[in-house]
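For what it's worth, this note's numbering labels the leading residue of the sequence shown as 55, then goes sequentially.
The beta carbon of each residue, even a glycine, is placed where N, CA and C say it ideally should be.
So the structure is just underneath, and the comments pick up after that.
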Amino acid sequence: MRVKATNKYVRSSPQKARLVLDLVRGKPVNEALSILQFTNKSVATEIAKTVKSAAANAENNYQLDRDDLYIAAIYADDGPTFKRIRPAPRGRAHQILKRTSHVTVIVDEVNKEG
55 MRVKATNKYV
65 RSSPQKARLV
75 LDLVRGKPVN
85 EALSILQFTN
95 KSVATEIAKT
105 VKSAAANAEN
115 NYQLDRDDLY
125 IAAIYADDGP
135 TFKRIRPAPR
145 GRAHQILKRT
155 SHVTVIVDEV
165 NKEG
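This is the structure in structure tokens:
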């Protein structure tokens with residue numbers, strides 16, 4: 055059974071988040087959390103929170119065992135972009151884009167039949 059958790063409005067660009075997501079895609083949940091704990095990117099803490107939330111949803115709502123869960127899908131979509139203005143030379147203004155992303159984690163139970 056696939057169980058999903060979403061973390062919206064993460065203050066990191068989706069491009070930077072996808073670098074970290076690629077490290078844990080397809081891994082067991084416990085191994086993924088270990089990798090995220092030692093990843094030297096600020097978005098790794100937000101992704102770890104989302105993975106923990108998906109695992110907790112699976113445990114509490116569907117009575118699945120946390121040790122049997124793996125990350126079936128994980129992706130970061132674009133969120134809204136905050137537009138800010140920075141003063142520039144000669145009285146001009148340059149636009150600063152502060153990007154956000156929506157991180158989605160889907161965990162599934164390992165098939166033990168085969």
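| Item | Value |
| --- | --- |
| Inter-residue spacing [alpha-carbon to alpha-carbon] between residue 148 and residue 138 | 8 angstroms |
| Sub-9 angstroms separation of residue 78 and residue 123 beta-carbons | no |
| Start-to-end residues for the beta strand (DSSP E) that takes in residue 61 | 57-64 |
| Inter-residue Cα distance where the pair is residue 127 and residue 151 | 28 angstroms |
| Sequence ranges, beta strand (DSSP E) only - wholly within the stretch 74-160, length at least 3 | 123-132, 136-141 and 147-152 |
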